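So the protein sequences, as listed, match chains E and D.
Counting in my numbering, the first sequence tops out at residue 284, every number present.
Counting in my numbering, the second sequence tops out at residue 327, every number present.
Right, one structure below, let's go through it.
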Amino acid sequence: MRVETKRQPLPPRERLQQVFDIQDLTAIYGSKPALKDVSMGVYRNLVTAVIGPSGCGKSTFIRCLNRMNDLVPGFRQTGTIRYHGQDIAAKDVDPVAVRRTIGMVFQRPNPFPKSIFDNVAWGLRVLGMKDNLPERVERALTQAALWDEVKDRLKASALSLSGGQQQRLCIARAIAVEPDVVLMDEPASALDPIATQAIELLLHELKSEYSFVIVTHNMQQAARVADMTAFFSISRGEEGDRWGELIEYDSTEKIFTAPSDKRTEDYVTGRFG
Amino acid sequence: MSTLDATGEAARRPFPGRRVRTGDVLLQGVAGLAALGAVVLLGLIAYKIVDGARLSLSTFGLGFLTHVGWDPVHSRFGAGGFLFGTAVTSIGALLLATPLALGIALFLTELAPRWIRGPVTALVETLAAIPSVVIGLWGILVLGPVLHDHVMPALHSTLGFIPLFGPSTTGSTIFTAILVLTIMILPIVSSISRELFVGVPPELKEAALGLGTTRWEMVRGVVLPYTRGGVAAAMILGLGRAVGEAIAVAQVSGAFNNGISWNLFSSGNTLAAQIALEYQSAETNLDVSSLFYLGLILLVFSLVVNLLARVVVRRGARRQGVLAR
Chain E
12 MRVETKRQPL
22 PPRERLQQVF
32 DIQDLTAIYG
42 SKPALKDVSM
52 GVYRNLVTAV
62 IGPSGCGKST
72 FIRCLNRMND
82 LVPGFRQTGT
92 IRYHGQDIAA
102 KDVDPVAVRR
112 TIGMVFQRPN
122 PFPKSIFDNV
132 AWGLRVLGMK
142 DNLPERVERA
152 LTQAALWDEV
162 KDRLKASALS
172 LSGGQQQRLC
182 IARAIAVEPD
192 VVLMDEPASA
202 LDPIATQAIE
212 LLLHELKSEY
222 SFVIVTHNMQ
232 QAARVADMTA
242 FFSISRGEEG
252 DRWGELIEYD
262 STEKIFTAPS
272 DKRTEDYVTG
282 RFG
Chain D
3 MSTLDATGEA
13 ARRPFPGRRV
23 RTGDVLLQGV
33 AGLAALGAVV
43 LLGLIAYKIV
53 DGARLSLSTF
63 GLGFLTHVGW
73 DPVHSRFGAG
83 GFLFGTAVTS
93 IGALLLATPL
103 ALGIALFLTE
113 LAPRWIRGPV
123 TALVETLAAI
133 PSVVIGLWGI
143 LVLGPVLHDH
153 VMPALHSTLG
163 FIPLFGPSTT
173 GSTIFTAILV
183 LTIMILPIVS
193 SISRELFVGV
203 PPELKEAALG
213 LGTTRWEMVR
223 GVVLPYTRGG
233 VAAAMILGLG
243 RAVGEAIAVA
253 QVSGAFNNGI
263 SWNLFSSGNT
273 LAAQIALEYQ
283 SAETNLDVSS
293 LFYLGLILLV
303 FSLVVNLLAR
313 VVVRRGARRQ
323 GVLAR
């Protein structure tokens, strides 16, 4: 199956500004490598999709980008992840500051058990962005295309919202604190098609202000939203061990219409995965 | 397709009728009797206590609750001093134990390196296994003298302007009782809190940390609000334990029955300790009956505490149930 891609042509690579420069990233849980030797760049104001079969390490990969894996016991990584030149994987970098600049939206909507307003306002308050709080909340909710649906019930519990609304609230919460990059770990996998479409539209709207890295197992979604696509797959060693690997990284158009690796072609045409 | 190779009757009726299964009947009988036994026992105990207190109830009425003093010679008894002592010791213990317990629970769930979590959890819970009489003995022999020689004079000389920290004449004081009770309720409050903190959904913690908040901000903004109801219930259960503790308090509080004082460094007594100390020397019917009256007050209080904890837990559970939906 070929997927239609309709998009503006990408500017030439040399005119793109690199946000992340990832070199030889290897991620290990305990003694099992989840990901080996990933090298790629992520560019400013683009949507970068990470696709691949289950277990190929795509979630592990984006969780490396904001030090979220620090919370996992037994996790180690090697290689460098340069963010605007600074290696954020280095031990002396404060992970709290990294996450402050590189936000995250998770697979399952995870609003706080607080009011809709407080879900967005909490991060702002804690991070000291207390001036014009209501305006900031309104702006974030508007950007997340949720404002019109919730403006009359900001004091209602966030848990009273539908799944799709909750996920947009989580996006609003993430962008309210004005991050530079927003990482999304399969943000639509728990949502119905209409809610999914709402989130994809959002990405188009917001990428002029942020850079997005989105993990998805849904190829059509990658084809619809992403400018660049990275295809990860599972490699197997001689002793039955397996790890994730970056197979091919290129413009989405190229990945879906003329991939240079046979494995990518098999995957995007549905022969594997 | 039928695979029954039985008679034609079995083929018409593939399933046999209900059978009486001996095991099921036996289980039902034994379990039912046990449950019934517990209910009956509670009823009997409550009846005996009310019955035993009847003489004292009719003699002193509700005035018993406010009268301070326990005077067997003149047969004049009152619970006022014990109520005061019970309130001061158990609330004091709760105020000291709660922050400590929350600190322990947070350390064990969020902060400690993984390899020390198991051993420390086990040790804290072992604290609950120490018999109260042993803690009481330690209270008399070790804690009391240390407090009297060092801690109380120091507190009196620095914070003496607060009436709570008056001069001390002995190591057996309300303050000693507060500390002993703190040690005794610490494990309950901390182990319940630890379980509550473990139960906070990791997605919520990640959501907070993903915004770039610190661990403390995450704990304050997510973990504590999420577990508020449960922690309140844990505190109430701790309070119940502190109120009901007799032996250890009897050992360290100084058993002073005739007067109340805001000075924590003076002796006092509590409802439960008084019952434990007095029942052997009670000679008159009215004396015994008055002890039953003290017991009745305790019984009513612990019923209320348990019901309250239940209500709080249920309310908390409902709030968390919304999250699962």
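Where a beta carbon is used, it is the ideal one built from N, C-alpha and C, also for glycine.
Only a predicted model underlies this, so the values are computations on that prediction, with no experimental measurement involved.
*Alpha carbon to alpha carbon, what distance is there between Ser271 (chain E) and Leu257 (chain E)?*
Cα-Cα distance, rounded: 13 Å.
*Terminal residues of the beta strand (DSSP E) in which Trp218 (chain D) lies*: Run containing Trp218 (chain D): none in the beta strand (DSSP E); it sits in the alpha helix (DSSP H), Arg217 to Met220.
_Extent of the continuous beta strand (DSSP E) run through Glu256 (chain E)_ = For Glu256 (chain E), the uninterrupted beta strand (DSSP E) segment begins and ends at Arg253 to Ser262.
*Between which two residues does the alpha helix (DSSP H) harbouring Thr59 (chain E) extend?*
Thr59 (chain E) -> not in any alpha helix (DSSP H); beta strand (DSSP E) instead, spanning Val58 to Ile62.
*If we cut at 9 Å on Cβ distances, does Phe31 (chain E) have a partner in chain D?*
no
*asked:* I'd like to know whether the C-beta of Val315 (chain D) is nearer than 9 Å to at least one C-beta of chain E.
replied: no
_Residues of the stretch 129 to 143 of chain E with Cβ closer than 7 Å to any Cβ of chain D, in chain order_ = Trp133, Gly134, Val137 and Leu138
*Integer Cβ distance of Leu149 (chain D) from Phe177 (chain D), believed to fall under 8 Å*: 7 Å
_Any beta carbon of chain E sitting closer than 9 Å to that of Leu213 (chain D)?_
yes
*Between the stretch 283 to 296 of chain D and the stretch 255 to 266 of chain D, do at least 3 Cβ pairs fall closer than 8 Å?*
no
*What's the gap between the Cα of Leu161 (chain D) and the Cα of Tyr40 (chain E)?*
54 Å
*Kindly indicate if chain E contains any beta-carbon less than 9 Å away from that of Gln30 (chain D).*
Residue-level contact by beta carbon fails for Gln30 (chain D) and chain E, as no gap is shorter than 9 Å.
_Can you tell me whether Gln177 (chain E) is buried or exposed? The criterion is at least 16 other CB atoms within 10 Å of its CB, across all chains shown._
buried
*From D:Ser170, D:Gly231 and D:Phe163, residue whose alpha carbon lies closest to that of Arg316 (chain D)*: D:Gly231
*For Ala237 (chain E), which residues of its own chain have a beta-carbon under 6 Å away from its beta-carbon, when the five flanking residues on both sides are left out?*
Val58, Ala60 and Thr263
*Out of curiosity, what's the CA-to-CA distance linking Arg235 (chain E) and Ser246 (chain E)?*
When only Cα atoms are considered, Arg235 (chain E) and Ser246 (chain E) end up about 27 Å apart.
*Rounded to whole angstroms, what's the CA-CA distance from Ala185 (chain E) to Leu301 (chain D)? Just pull it up for me.*
If you draw a straight line from the Cα of Ala185 (chain E) to the Cα of Leu301 (chain D), it is about 52 Å long.
*Under a Cβ-count criterion, where at least 16 other Cβ atoms within 10 Å of its own Cβ denotes burial, should Asn308 (chain D) be classed as buried or exposed?*
exposed
*Distance CB(Phe84 (chain D))-CB(Thr286 (chain D)) smaller than 9 Å*: No, these two residues do not count as a Cβ contact at 9 Å.
*asked:* Can you tell me whether Ile190 (chain D) is buried or exposed? The criterion is at least 16 other CB atoms within 10 Å of its CB, across all chains shown.
replied: buried
*Kindly indicate if chain E contains any beta-carbon less than 9 Å away from that of Gly223 (chain D).*
Closer than 9 Å: yes.
*Indicate whether at least one CB of chain D lies closer than 9 Å to the CB of Val107 (chain E).*
yes
*asked:* Using only the alpha-carbon positions, how far apart do Ala2 (chain D) and Gly63 (chain D) sit?
replied: What the structure shows of chain D is the stretch from 3 to 327, and residue 2 (chain D) is not part of that stretch, so it cannot be assessed.
*asked:* Helix, strand or coil for Trp158 (chain E)? Go by DSSP, reduced to three states.
replied: helix
*How many angstroms separate the CA atom of Gly256 (chain D) from the CA atom of Gln276 (chain D)?*
11 Å
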